[in-house]
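2 protein chains.
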Amino acid sequence: MAAGAPMKGGIGTYSYANNSQRQREEYDSAKNLIKHVLIQNLDVKSLVSSGNAFTIADLGCSIGPNTFLAMENIIDGVGEKYDIQGHNPTNLEFQVFFNDRVANDFNSLFASLPVDKRYYAAGVAGSFWGRLFPDSSICVAYSSFALQWLSKIPKELVDKESPAWNKGKIHYTGRGAKKEVVGAYAAQFEQDMDAFLNARGMEIVRGGMIVILIPGVADGVVAHSSGVALTFLESNLCDMVKESNKCRKSLRKMGVSAC
Amino acid sequence: MAAGAPMKGGIGTYSYANNSQRQREEYDSAKNLIKHVLIQNLDVKSLVSSGNAFTIADLGCSIGPNTFLAMENIIDGVGEKYDIQGHNPTNLEFQVFFNDRVANDFNSLFASLPVDKRYYAAGVAGSFWGRLFPDSSICVAYSSFALQWLSKIPKELVDKESPAWNKGKIHYTGRGAKKEVVGAYAAQFEQDMDAFLNARGMEIVRGGMIVILIPGVADGVVAHSSGVALTFLESNLCDMVKESNKCRKSLRKMGVSAC
Numbered sequence: 001m002a003a004g005a006p007m008k009g010g011i012g013t014y015s016y017a018n019n020s021q022r023q024r025e026e027y028d029s030a031k032n033l034i035k036h037v038l039i040q041n042l043d044v045k046s047l048v049s050s051g052n053a054f055t056i057a058d059l060g061c062s063i064g065p066n067t068f069l070a071m072e073n074i075i076d077g078v079g080e081k082y083d084i085q086g087h088n089p090t091n092l093e094f095q096v097f098f099n100d101r102v103a104n105d106f107n108s109l110f111a112s113l114p115v116d117k118r119y120y121a122a123g124v125a126g127s128f129w130g131r132l133f134p135d136s137s138i139c140v141a142y143s144s145f146a147l148q149w150l151s152k153i154p155k156e157l158v159d160k161e162s163p164a165w166n167k168g169k170i171h172y173t174g175r176g177a178k179k180e181v182v183g184a185y186a187a188q189f190e191q192d193m194d195a196f197l198n199a200r201g202m203e204i205v206r207g208g209m210i211v212i213l214i215p216g217v218a219d220g221v222v223a224h225s226s227g228v229a230l231t232f233l234e235s236n237l238c239d240m241v242k243e244s245n246k247c248r249k250s251l252r253k254m255g256v257s258a259c
Numbered sequence: 001m002a003a004g005a006p007m008k009g010g011i012g013t014y015s016y017a018n019n020s021q022r023q024r025e026e027y028d029s030a031k032n033l034i035k036h037v038l039i040q041n042l043d044v045k046s047l048v049s050s051g052n053a054f055t056i057a058d059l060g061c062s063i064g065p066n067t068f069l070a071m072e073n074i075i076d077g078v079g080e081k082y083d084i085q086g087h088n089p090t091n092l093e094f095q096v097f098f099n100d101r102v103a104n105d106f107n108s109l110f111a112s113l114p115v116d117k118r119y120y121a122a123g124v125a126g127s128f129w130g131r132l133f134p135d136s137s138i139c140v141a142y143s144s145f146a147l148q149w150l151s152k153i154p155k156e157l158v159d160k161e162s163p164a165w166n167k168g169k170i171h172y173t174g175r176g177a178k179k180e181v182v183g184a185y186a187a188q189f190e191q192d193m194d195a196f197l198n199a200r201g202m203e204i205v206r207g208g209m210i211v212i213l214i215p216g217v218a219d220g221v222v223a224h225s226s227g228v229a230l231t232f233l234e235s236n237l238c239d240m241v242k243e244s245n246k247c248r249k250s251l252r253k254m255g256v257s258a259c
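Quick mapping for you: the protein sequence lines, in order, are chains A and B.
Residue numbering for the first sequence follows the working numbering, beginning at 1 and increasing consecutively.
Residue numbering for the second sequence follows the working numbering, beginning at 1 and increasing consecutively.
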């Protein structure tokens, strides 16, 4: 997908907080699976030996409420695993780091933290394509519906001279896309994931885990809902660009410099 | 002093960021002293044994830029102490937790973090009169010009039947204040400091430190600058209350319910 900007902040009609029902549904369907993989894979013995609080990072958290539900689920899963392995989870302290880009609305996030939360909360502003935490300081790194947003638009997609020129489009829908376009997106994704995993590799403690939810479609599928939504958005953006160009032309005719 | 609210956010004319020169000057005069006490008192041997990043918390940080200068100074002091004790400080990782109340403008704080900062940054929203961090997770807790703001106004100060009634004033300036008023403020401060130190006692690691900068005046001093400023503010607030009361009275005469 195209390079992403932070979601709309606040709690208004068009805010992410009030328009993230789909992400919530996708998360709900994966909730039990997440708990299951935590119980199956966490290495409690190694984690207990550090003696520190259990730290969780949500990378690309936006402003809630989905992130709060996800953190509660992880805490439940961790508690169950500790219990299974004979470690009393009631004395376990949790610290959650909510991460998103600097322009994310952390003020709204902090203001909507659940009153009965079972963790110490902190916000971390910055790109998850780079380092965010000290070495070996995170027990579970979690990222949901965030890693599909690339760090940047591959430059060849906007270069008319390049065989990967994407003709002003903001994404590709699979079937019918030039292989050079697909290749440019894929190469950027590979580069981004490499940076992401390298950073997390340094930050996650021995015995910890990384949990990633990321939307995907099978090769050749065109009419998936994200693709349709992006095509619709693309069409609106193209109309806006055309209108703006018309306006500039009229202004130039009137002798006014285009802004 | 009276119970405090977060400082004005943003970077506008009246923002804390552009109106904290006095706090900056007070900090400048204490800067070397802070470094000195860190070098004198930090127990590097205990801290090194934990093997974790060096964590610093600024409690009541507001939105900068003073907090950033203070953190840099602490990092310098810690580095010097590690060096003195034969531990290479170049590999030491720092993590700074910027804390203030939930209504603090963390968005502005994150947007103005220095590009060349030598630490991983996190924001923590909440009252420092209670717990903010897991057990034994902070190496240096720092608080500058924040602890003089009480957690709440002692109720007897606003109770006309109480001998400690403060006659609608928002503070006391020392000489001339009733001993009951002084006593009520002192009791609240004692209660707040007790809560503050209890919380920090749980959060600071063995070998760590707490550094507090707090304004104070000698007994009987009236014309200190904070007192003069608060008396001026008090006078303005009283005028505003009188105007508002006049307005309500006029509205009532006109048959309009006062809001």
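Ideal Cβ placement from N, Cα and C applies to all residues, glycine included.
Since this is a predicted model, take the numbers as computed values, not measurements.
Counting only C-beta atoms, is B/F68 closer than 8 Å to chain A at any point? To locate residue 68 of chain B, count along the second sequence from 1; it is residue 68. Cβ-Cβ to chain A under 8 Å: no for B/F68.
Neighbour flag for B/A17 against chain A, beta carbons, 8 Å: One-based indexing of the second sequence puts residue 17 of chain B at position 17. It does not; no Cβ of chain A falls within 8 Å.
Would you be able to state if there are at least three C-beta pairs under 8 Å between the region 112-123 of chain B and the region 88-98 of chain B? yes
A/S144 versus A/I212 - alpha carbon distance: In the first sequence, residue 144 of chain A corresponds to position 144, counting from 1. In the first sequence, residue 212 of chain A corresponds to position 212, counting from 1. Distance between the alpha carbons of A/S144 and A/I212: 6 Å.
Between the CA atoms of A/W165 and A/D159 - distance to the nearest angstrom: Locating residue 159 of chain A in the first sequence gives position 159, where the first residue counts as 1. Locating residue 165 of chain A in the first sequence gives position 165, where the first residue counts as 1. Cα to Cα, the separation comes out at about 5 Å.
6 Å Cβ shell around A/P154 - same chain, five flanking residues per side excluded: In the first sequence, the residue the question calls residue 154 of chain A occupies position 154. Within the same chain, and ignoring the five residues on either side of A/P154 in sequence, the residues whose Cβ sits closer than 6 Å to its Cβ are A184, Q188.
Positions along the region 123-140 of chain B whose CB lies within less than 7 Å of some CB in chain A: G123, V124, A125, L132, F133, P134, D135, S137
Taking C-beta to C-beta, are A/M240 and A/L38 nearer than 8 Å? Within the first sequence, residue 240 of chain A is the residue found at index 240, counting from 1. Within the first sequence, residue 38 of chain A is the residue found at index 38, counting from 1. No, Cβ-Cβ distance for A/M240 and A/L38 is not below 8 Å.
Using 8 Å as the limit for Cβ to Cβ distance, is A/A57 near chain B? Counting from one through the first sequence, the residue named residue 57 of chain A turns up at place 57. By this cut-off, A/A57 is not an interface position.
Below 8 Å between beta carbons: does that hold for A/D76 and A/T67? Along the first sequence, one-based indexing puts residue 76 of chain A at 76. Along the first sequence, one-based indexing puts residue 67 of chain A at 67. Result no, Cβ atoms of A/D76 and A/T67 do not sit closer than 8 Å.
Output the distance between the C-alpha atoms of B/A2 and A/L113, rounded to the nearest integer angstrom. In the second sequence, residue 2 of chain B corresponds to position 2, counting from 1. In the first sequence, residue 113 of chain A corresponds to position 113, counting from 1. Only weak support is given to the placement of B/A2: the predicted model assigns it a pLDDT of 49, under 50, and the value that follows is read from those uncertain coordinates. Taking the straight line from one Cα to the other gives about 27 Å.
Are the CB atoms of B/D135 and B/E203 nearer to each other than 8 Å? If you number the second sequence from 1, residue 135 of chain B lands on position 135. If you number the second sequence from 1, residue 203 of chain B lands on position 203. In this structure, B/E203 lies closer than 8 Å to B/D135 by Cβ.
Could you please tell me which residues of the region 139-157 of chain B, in chain order, have their CB closer than 8 Å to any CB of chain A? none
Taking 8 Å as the CB-CB limit, is B/Y185 close to chain A? For the purposes of this step, residue 185 of chain B is taken as the residue at position 185 of the second sequence. It does not; no Cβ of chain A falls within 8 Å.
Comparing C-alpha positions only, which one of B/C61, B/E156, B/N245 sits nearest to B/F262? Past the boundaries of the shown model lies residue 262 of chain B; chain B is included only from 1 to 259, so the question cannot be answered.
Should A/N245 be counted as a contact of the ligand ATP given a C-beta to heavy atom distance under 7 Å? In the structure shown, the ligand ATP is absent, as is every other ligand, since no ligand is present at all.
Based on the DSSP secondary-structure assignment, which residues constitute the bridge partners of A/V124? Residue 124 of chain A sits at position 124 when you count from the first residue of the first sequence. For A/V124, which the question treats as bridged, DSSP gives the partners A/N99.
Suppose contacts are defined by Cβ-Cβ distances below 8 Å. Is A/N18 in contact with A/I11 by that definition? On the first sequence, position 18 is the one that residue 18 of chain A refers to. On the first sequence, position 11 is the one that residue 11 of chain A refers to. Cβ atoms of A/N18 and A/I11: closer than 8 Å.
Alpha-carbon spacing of A/K178 relative to A/V228, whole angstroms: In the first sequence, counting from the first residue as 1, residue 178 of chain A sits at position 178. In the first sequence, counting from the first residue as 1, residue 228 of chain A sits at position 228. Straight-line Cα distance between these residues: approximately 18 Å.
Enclosing beta strand (DSSP E) for A/T90 [first to last residue]: Within the first sequence, residue 90 of chain A is the residue found at index 90, counting from 1. Note, A/T90: premise wrong, no beta strand (DSSP E); not H, not E.
On a CA-only basis, which of A/L42, A/S162, A/F110, A/L69 is nearest A/Q85? Give me that one, please. Translated into the one-based positions of the first sequence, residue 85 of chain A becomes position 85. The residue with the shortest Cα to Cα distance from A/Q85 is A/L42.
In this structure, how does DSSP classify B/M209 when only helix, strand and coil are distinguished? Working through the second sequence from its first residue, we reach residue 209 of chain B at position 209. Looking at B/M209 - three-state DSSP - the assignment turns out to be strand.
Residues in the region 82-106 of chain B having any Cβ partner in chain A nearer than 7 Å: Answer set for the region 82-106 of chain B: E93, Q95, F97, V102, D105, F106.
Starting from B/A70, trace the beta strand (DSSP E) both ways and give me its first and last residue. In the second sequence, residue 70 of chain B corresponds to position 70, counting from 1. Careful: B/A70 lies outside any beta strand (DSSP E), inside the alpha helix (DSSP H) at 66-84.
Residues from the region 105-121 of chain A in contact with chain B, defined by Cβ distance under 8 Å: D105, F106, N107, F110, A111, L113, Y120, A121
Taking only three categories from DSSP, how would you classify A/F133? Reading the first sequence from its first residue, position 133 is the one you call residue 133 of chain A. Coil, per DSSP.
From the DSSP secondary-structure annotation, give me the bridge partner or partners of B/S112. In the second sequence, residue 112 of chain B corresponds to position 112, counting from 1. DSSP links B/S112 through a beta bridge to no other residue.
Inter-residue CB distance, B/A265 and A/G123 (contact presumed, cutoff 8 Å): With chain B running from 1 to 259 in the structure shown, residue 265 of chain B is simply not present.
Going by CA-CA distance only, name the one from B/V78, B/V140, B/K249 that's closest to B/K35. Here residue 35 of chain B refers to the residue found at position 35 of the second sequence. Nearest option by C-alpha distance: B/V78.
Considering Cα atoms alone, identify which of B/V181, B/S235, B/V102 is closest to B/S162. As a first step, residue 162 of chain B must be located in the second sequence, where it is residue number 162. Between B/S162 and the set B/V181, B/S235, B/V102, the nearest pair of CA atoms involves B/V181.
Three-state class that DSSP yields for B/A2 in the structure shown: Position 2 of the second sequence holds residue 2 of chain B. Low per-residue confidence applies at B/A2: pLDDT is 49, beneath 50, and the placement is therefore not dependable, though the value from the model is reported in the following sentence. In the structure shown, B/A2 adopts coil according to DSSP, grouped into three states.
Closest Cβ-Cβ distance between B/A195 and chain A: below 8 Å? Start at 1 with the first residue of the second sequence, and residue 195 of chain B comes out as number 195. Not one chain A Cβ lies under 8 Å of B/A195.
Roughly how far, in whole angstroms, is the beta-carbon of A/V102 from the beta-carbon of A/G64, given that I think they are within contact range, below 8 Å? As a first step, residue 102 of chain A must be located in the first sequence, where it is residue number 102. As a first step, residue 64 of chain A must be located in the first sequence, where it is residue number 64. That belief does not hold up - the Cβ atoms of A/V102 and A/G64 are roughly 18 Å apart, past 8 Å.
Counting contacts by CB-CB distance shorter than 8 Å, is B/K249 in contact with chain A? Position 249 of the second sequence, counted from the first residue, corresponds to residue 249 of chain B. No, B/K249 does not count as interfacial toward chain A.
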